[in-house]
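This report concerns only the one structure given below.
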Amino acid sequence: NFSTTQLQEMDNAHHLHPFTDHAGLRGEGVRVVTGAEGAYIFDSEGKRILDGMAGLWCVNVGYGREELAKAAYEQMKELAYYNTFFKSTTAPAAMLAKRIADLAPTNFNQVFFGASGSESNDTSIRTVRYYWQLQGKPEKHIIISRDNAYHGSTIAATSMGGMGAMHGQLGPMLPGFRHVMCPYDFELKHKGESLEDFGIRAARAVEVAILQEGAENVAAFVGEPIQGAGGVKIPPPTYWPEIQRICKKYDILLMLDEVITAFGRTGAWFAAESMSIEADMITVAKAITSGYQPLSAVLVSDRVADVISKGGEYYHGYTYSGHPVTCAVALENIDIIEREGLIERVRDDTGPYLLERLQEVIGDHPLVGEVRGMGLLAAIEIVKDRETGERFPNEGSAAVCVRDHSIEAGMMMRAVGDTMILSPPLIWTRETIDEAAAICKVALDKAAADLLR
Ligand code: PLP
Numbered sequence: 005n006f007s008t009t010q011l012q013e014m015d016n017a018h019h020l021h022p023f024t025d026h027a028g029l030r031g032e033g034v035r036v037v038t039g040a041e042g043a044y045i046f047d048s049e050g051k052r053i054l055d056g057m058a059g060l061w062c063v064n065v066g067y068g069r070e071e072l073a074k075a076a077y078e079q080m081k082e083l084a085y086y087n088t089f090f091k092s093t094t095a096p097a098a099m100l101a102k103r104i105a106d107l108a109p110t111n112f113n114q115v116f117f118g119a120s121g122s123e124s125n126d127t128s129i130r131t132v133r134y135y136w137q138l139q140g141k142p143e144k145h146i147i148i149s150r151d152n153a154y155h156g157s158t159i160a161a162t163s164m165g166g167m168g169a170m171h172g173q174l175g176p177m178l179p180g181f182r183h184v185m186c187p188y189d190f191e192l193k194h195k196g197e198s199l200e201d202f203g204i205r206a207a208r209a210v211e212v213a214i215l216q217e218g219a220e221n222v223a224a225f226v227g228e229p230i231q232g233a234g235g236v237k238i239p240p241p242t243y244w245p246e247i248q249r250i251c252k253k254y255d256i257l258l259m260l261d262e263v264i265t266a267f268g269r270t271g272a273w274f275a276a277e278s279m280s281i282e283a284d285m286i287t288v289a290k291a292i293t294s295g296y297q298p299l300s301a302v303l304v305s306d307r308v309a310d311v312i313s314k315g316g317e318y319y320h321g322y323t324y325s326g327h328p329v330t331c332a333v334a335l336e337n338i339d340i341i342e343r344e345g346l347i348e349r350v351r352d353d354t355g356p357y358l359l360e361r362l363q364e365v366i367g368d369h370p371l372v373g374e375v376r377g378m379g380l381l382a383a384i385e386i387v388k389d390r391e392t393g394e395r396f397p398n399e400g401s402a403a404v405c406v407r408d409h410s411i412e413a414g415m416m417m418r419a420v421g422d423t424m425i426l427s428p429p430l431i432w433t434r435e436t437i438d439e440a441a442a443i444c445k446v447a448l449d450k451a452a453a454d455l456l457r
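Set out below in structure tokens:
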């Protein structure tokens, strides 16, 4: 029974937080989150906050699900741990692999498990390189990725990702990664250029990179169907078909990072389905268990799996690959998503309603340059001048101001650069969306009073 202050002091003294300005944190006092139910989190001061980010894009079925706690408890009693190395398996691991293969696009029938999105992306990097080695083409190893992509925090995932600030702190990056522009039309589309043409131009940046590196040296292209932590950047409809054409033409594998988008966020089990992308590898994590347990997976297509399975022992794996408790929780989580029709609800009702409502309530706000969204994933561009798209000086500070007012007004939103993000639990109803839109309006009004003085 520690007080808020005591917990903050312990935390300040001993806890090195991820993605946190440590100098800024000292003495300020972190929020102590003590509980959560449904769509809301609670802090130690008794504040109730609507969670517009589903934790970190993951708590798709909402908080406080006893079914998930029960699945973990029952599995721990039965078999708390066993590995899946050396020809062993467990019932939950086998059942979950089959379940995911059944839900995935038809060319995916093999699943490799890890414990985080970063691990799954490391696995997919190793797997595409190994695939080309087994084909007698070890030189085909370069992976093309995009500016501002976030693929995780391990050294390989940081190198593959496109976040400049992370690269700066890494020192020498791993070789074998090349970055190209992201299809971010709000900032990168030329005046007078159509959205369709912009999508083709952004995709052709990949072709240019392939030709410069030599197709014989390029193993894969990787992208999030919708770039998430980079700012919920939804590509024009021409982008992915052109990427696919380019990958086919030069015999390059297509890796999709669906760590954010899989398990319902875009109104389908996978964004590959909602956006008609035919991939060779798909990485997932987060909502596979709705964040109740750390679990990730790489979905390996038949094309890749057929080669790997003939290659002898693959020296790759994690102690927690296929952990039985995490897999049992994932199975129950998938049952909930199915039983409650959450995906259909996002696709047919709450997804379109979120975008419509945000556009109605804040679309013409003086600070808002654009509202965009797909499924239960939305972004609000914060600008100083709606007409010209001019940003506030000191990149990111205006969005942080909106975020802080939003939390104050009762909703957790995320600020990414000059963009506000919403990625809520899929259990949000029309009423929750009305509440969220109203809070956005309050936060923007207060921020405008601060910023446009
Ligand atoms: N890939 C994407 C698209 C992500 O958004 C994230 C995390 O936010 C990751 C990978 C890394 O996942 P993890 O934090 O579980 O390692």
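Read in order, the letters of the sequence shown are residues 5 to 457 in UniProt numbering.
Backbone N, C-alpha and C fix where the C-beta goes; we use that ideal spot for every residue, glycine too.
Everything numeric in this text was worked out from a predicted model, so none of it was measured.
Does ligand 1 have even one heavy atom less than 6 Å from the beta-carbon of residue i?
i	result
valine 263	yes
histidine 155	yes
alanine 289	yes
alanine 233	yes
glutamate 220	no
serine 120	yes
glutamate 228	yes
If you follow the alpha helix (DSSP H) that residue i is in, where does it begin and where does it stop?
i	result
histidine 409	401-413
cysteine 331	328-343
histidine 18	8-18
arginine 395	Segment: none, arginine 395 is in no alpha helix (DSSP H) and carries neither H nor E.
lysine 102	95-107
methionine 164	159-164
aspartate 189	189-192
So, under 8 Å CB-CB, residue i and residue j are touching, yes? Tell me the CB distance rounded to an integer number of Å.
i	j	result
isoleucine 431	alanine 84	The Cβ separation is near 29 Å, so there is no contact.
serine 300	glycine 118	4 Å
methionine 456	proline 356	Here residue 456 is leucine; the residue named in the question, methionine, does not match the sequence. Leucine 456 to proline 356, Cβ: 31 Å. No contact.
alanine 98	asparagine 125	Going by Cβ atoms, the distance from alanine 98 to asparagine 125 rounds to 24 Å, so no, they are not a contact pair.
alanine 275	proline 229	4 Å
residue 465	serine 294	Outside the displayed range of the chain (5 to 457) lies residue 465, so it cannot be described from this structure.
alanine 291	valine 420	Their Cβ separation, rounded to whole angstroms, is 19 Å, which puts alanine 291 and valine 420 out of contact at 8 Å.
lysine 237	proline 187	7 Å
lysine 445	isoleucine 386	Incorrect: roughly 14 Å between the Cβ atoms, too far for contact.
valine 63	proline 328	Between proline 328 and valine 63 the Cβ distance is about 22 Å, and since that is not below 8 Å, they are no contact.
isoleucine 250	alanine 207	6 Å
isoleucine 340	tryptophan 273	Wrong, their Cβ atoms sit about 14 Å apart, outside the cutoff.
According to DSSP, which residues form a beta bridge with residue i?
i	result
glutamate 385	Glu374 and Thr423
methionine 285	Met259 and Val304
leucine 54	Tyr44 and Met415
valine 236	In DSSP, valine 236 forms no bridge with anything.
residue 3	Because residue 3 is not part of the residues shown, which for the chain are 5 to 457, the question remains open.
Go ahead and pull the three-state DSSP assignment for residue i.
i	result
aspartate 255	coil
tyrosine 435	A quick correction: the sequence has glutamate, not tyrosine, at residue 435. Three-state DSSP puts glutamate 435 in a helix.
isoleucine 230	coil
tyrosine 135	helix
arginine 150	strand
valine 210	helix
phenylalanine 225	strand
glycine 39	strand
tyrosine 357	helix
aspartate 25	coil
arginine 351	helix
isoleucine 264	coil
cysteine 62	coil
asparagine 87	coil
arginine 269	coil
serine 280	coil
methionine 170	helix
valine 446	helix
tyrosine 324	coil
threonine 295	The question names threonine, yet the displayed sequence has glycine at residue 295. Glycine 295 falls in the coil class under three-state DSSP.
serine 92	coil
lysine 290	helix
tyrosine 77	helix
arginine 390	coil
leucine 178	coil
List the endpoints of the continuous beta strand (DSSP E) containing residue i.
i	result
glutamine 114	112-118
arginine 457	No beta strand (DSSP E) holds arginine 457; DSSP gives it neither H nor E.
valine 184	181-184
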